[in-house]
Amino acid sequence: MTSQPHTPGTPPPGCPAHPGAVPVYMPRFQRDPSQMYRDMRREHGTVAPILLDGDIPAWLVLGYREVHYVTANSDLFARDSRRWNMWEHIPADWPLMPYVGYQPSLMFAEGAEHQRRAGAISEFLSGVDQLELHKYSEKVADEMIDAFVGRGEAELMAEYATQVPIRVMAMLFGFDEDEIPHLVRDVAASLEDVEPMAAYQRVVERMAALLQRSRTNPGHDLPSHLLAHPAGLTDDEITKDLLVVLAAAHQPTANWIGNTLRLMLTDPRFAVTLSGGRRSVGQALNEVLWEDTPTQNFIGRWATRNTQLGGQRIQAGDLLVLSFAAANTDPQVRPDFSEGSRGNQAHMSFSHGEHSCLYPGPEIAEIIARATVEVLLDRLPDVALAVEPEEVRWQASLWMRGPVSVPVEFSPAYVAGDAGF
């Protein structure tokens with residue numbers, strides 16, 4: 001990348017022109033993304049020119065129909081990031097490199113190669129007994145609640161919402177019980193700013209060791225299934241794809257749980273009435289996917305040839321960032337939840353097309369999320385926010401949507417086995 005100084009908010013010298021581009025890395029975008037989507041829609045339409053970190057130009061796809069079109073046309077808007085026409089301007093330590101740096105994983109595979117690898121994983125997920133998965137999710141949720149129920153207070157993101165999904169996925173992966181706390185710690189650390197790469201490397205090493213153990217002693221788990229699959233996956237392919245599955249399942253599901261708990265604890269429509277009625281957990285889960293989807297924006301797609309989209313000229317190799325959040329709140333398609341809209345699941349929260357969330361991944365995520373929320377409400381019927389609703393802050397991120405913390409209070413209870421009981 002050029003070392004010449006440039007004015008922040010404009011592409012670096014040598015980069016393609018991108019008139020009127022919006023620098024989406026600015027704090028104001030992270031503070032109020034919904035307003036920024038509205039502003040960009042008003043100024044640019046359904047596809048807006050943006051600047052990513054370092055003022056690298058890209059396109060933000062805002063319209064529901066445009067996101068649907070891009071995700072449905074993988075030949076025109078492909079996943080292999082090596083097509084990007086900006087690589088000569090990207091430094092090795094670019095903050096978004098984890099999203100765009102090509103790896104021979106399921107994430108960047110295309111066509112027959114993607115079908116080979118995605119098919120093997122979907123086959124395993126389709127064989128998961130969903131009733132047993134729900135029971136196991138409830139068991140994990142109960143164990144997490146047991147750890148804080150006697151205090152009468154808890155912080156539901158760190159102590160609960162982020163804990164249950166990773167522990168359930170660890171079971172599907174075949175990790176031993178004594179390995180799970182270390183996996184949970186390293187996955188959490190890999191998402192933080194302090195030494196994330198060291199933590200990520202430990203997760204990689206755990207996956208590689210798990211794979212070797214599955215080869216020696218196969219079980220009813222995902223690594224054993226992939227090793228035996230007729231697709232003939234290599235160890236390196238399996239390790240990389242396991243990491244993709246774990247990442248896709250963990251933080252988005254944790255934020256889905258956290259966002260749903262925040263909604264149910266702050267919105268009077270979900271409060272328990274004197275008659276005992278309230279809108280259901282299922283309604284809250286679905287509304288969150290429309291209004292506060294965990295995956296807000298996703299890098300992305302790369303144009304394979306010159307084309308047009310939303311009235312914009314897209315050049316071959318241009319990067320498109322898909323705004324699932326903006327698409328879901330597109331005024332032309334969004335449901336009216338104030339009228340009690342039910343069952344509308346046409347949101348883009350799990351993407352669409354060849355590179356959508358692997359089937360039946362969304363069903364599995366919903367089972368985990370629903371069980372986690374329902375167990376909490378059943379165990380802690382008087383749970384309430386310990387702060388004012390407006391004090392529940394969102395994570396500062398262009399990519400993910402979730403509360404920083406959800407502090408709550410409730411009537412303390414004792415767990416069977418506690419001293420004196």
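With full-length UniProt numbering applied, the sequence shown corresponds to residues 1 to 421, in that order.
Idealized CB from N, CA, C, for every residue including glycine.
Here the structure is a predicted model, which means the values were calculated and not measured.
Can you look up glycine 20 in the DSSP assignment and give me helix, strand or coil? One-based indexing of the sequence shown puts residue 20 at position 20. Glycine 20 falls in the coil class under three-state DSSP.
Is it the case that the segment 301-314 contacts the segment 31-50, given that we only count it when at least three CB pairs across the two stretches are under 8 Å? yes
Specify the secondary structure class of arginine 379 as computed by DSSP and reduced to three states. Here residue 379 is taken as the residue at index 379 of the sequence shown, counted from 1. Arginine 379: helix per DSSP, three-state reduction.
For aspartate 241 and serine 105, which I take to be in contact (beta-carbon distance under 8 Å), what is that distance rounded to the nearest angstrom? Working through the sequence shown from its first residue, we reach residue 241 at position 241. Working through the sequence shown from its first residue, we reach residue 105 at position 105. Indeed they touch by this definition, with Cβ atoms about 6 Å apart.
In chain order, what residues of the same chain lie with their CB nearer than 8 Å to the CB of isoleucine 121, ignoring the 5 residues before and after it? In the sequence shown, counting from the first residue as 1, residue 121 sits at position 121. Hits under 8 Å: Leu106, Leu222, Leu226, Asp241, Val245 and Leu358.
Strictly by DSSP, which residues pair up with methionine 400? In the sequence shown, counting from the first residue as 1, residue 400 sits at position 400. According to DSSP, which records beta bridges pairwise, methionine 400 is partnered with Thr295.
Mind reading off the beta-carbon distance from valine 333 to tyrosine 64? Whole number of angstroms is fine, and I expect it under 8 Å. Start at 1 with the first residue of the sequence shown, and residue 333 comes out as number 333. Start at 1 with the first residue of the sequence shown, and residue 64 comes out as number 64. That pair is a contact at about 5 Å.
Out of Phe108, Ala161, Gly54 and Leu62, state which residue places its alpha-carbon closest to the alpha-carbon of alanine 369. Taking the sequence shown and counting its residues from 1, the one referred to as residue 369 is at position 369. Of the candidates Phe108, Ala161, Gly54 and Leu62, the one whose C-alpha sits nearest the C-alpha of alanine 369 is Ala161.
Inspect the beta-carbon positions of valine 61 and leucine 320 and report whether they are closer than 8 Å. The residue you call residue 61 lines up with position 61 of the sequence shown. The residue you call residue 320 lines up with position 320 of the sequence shown. Going by C-beta atoms, valine 61 is nearer than 8 Å to leucine 320.
Need the endpoints of the beta strand (DSSP E) that tryptophan 59 sits in, please. In the sequence shown, the residue the question calls residue 59 occupies position 59. Note, tryptophan 59: beta strand (DSSP E), 56-61.
Identify the continuous beta strand (DSSP E) that holds residue 479 and give its terminal residues. The requested residue 479 does not occur in the structure, where the chain is confined to residues 1 to 421.
Given aspartate 330, which residues of its chain have a CB within under 7 Å of its CB, disregarding the five upstream and five downstream residues? Along the sequence shown, one-based indexing puts residue 330 at 330. Setting aside the 5 residues that flank it on each side, aspartate 330 is surrounded in the same chain by Gly63 and Tyr64, each with a C-beta closer than 7 Å to its C-beta; the list follows chain order.
Just to confirm my understanding: we take arginine 202, look at its own chain, exclude 5 residues before and 5 after, and list those with CB closer than 6 Å. What are they? Here residue 202 refers to the residue found at position 202 when the sequence shown is read from its first residue. By the criterion of a C-beta distance shorter than 6 Å, arginine 202 is surrounded in its chain by Asp186, once the five residues flanking it on both sides are discounted.
Straight-line CA distance for aspartate 178 to valine 140? Sequence index remark: in the sequence shown, residue 178 carries index 178 (1-based). Sequence index remark: in the sequence shown, residue 140 carries index 140 (1-based). Distance between the alpha carbons of aspartate 178 and valine 140: 14 Å.
Specify the secondary structure class of leucine 76 as computed by DSSP and reduced to three states. Walking along the sequence shown from the start, residue 76 turns up at place 76. It is coil, neither helix nor strand.
What does DSSP give as the partner residues of glutamine 345 in its beta bridges? Residue numbering aside, residue 345 sits at position 345 when the sequence shown is read from its first letter. Glutamine 345 pairs with nothing; no bridge assigned.
Count the CB pairs spanning the segment 373-390 and the segment 398-409 that are closer than 8 Å, and state whether there are at least three. yes
Valine 184 to leucine 76, Cα distance in whole Å? Locating residue 184 in the sequence shown gives position 184, counting from the first residue. Locating residue 76 in the sequence shown gives position 76, counting from the first residue. Going by the C-alpha atoms only, they are around 38 Å apart.
Using the beta-carbon count (16 or more within 10 Å), is valine 373 buried or exposed? Within the sequence shown, numbered from 1, the residue matching residue 373 stands at position 373. Valine 373 should be labelled buried.
I'd like the list of long-range same chain contacts for glutamine 163, defined as Cβ closer than 7 Å, with 5 residues on each side in sequence excluded. Numbered from 1 along the sequence shown, position 163 holds the residue referred to as residue 163. For glutamine 163, where only same-chain residues beyond five positions count, the Cβ hits under 7 Å are Met144 and Val184.
Option in Ala327, Gly152 and His182 with minimal Cα separation from alanine 199: Taking the sequence shown and counting its residues from 1, one reaches residue 199 at position 199. Checking every option, the nearest Cα to that of alanine 199 belongs to His182.
Check whether the Cβ atoms of tryptophan 302 and tryptophan 84 sit closer than 8 Å, and answer yes or no. Within the sequence shown, the letter at position 302 stands for residue 302. Within the sequence shown, the letter at position 84 stands for residue 84. Result yes, Cβ atoms of tryptophan 302 and tryptophan 84 sit closer than 8 Å.
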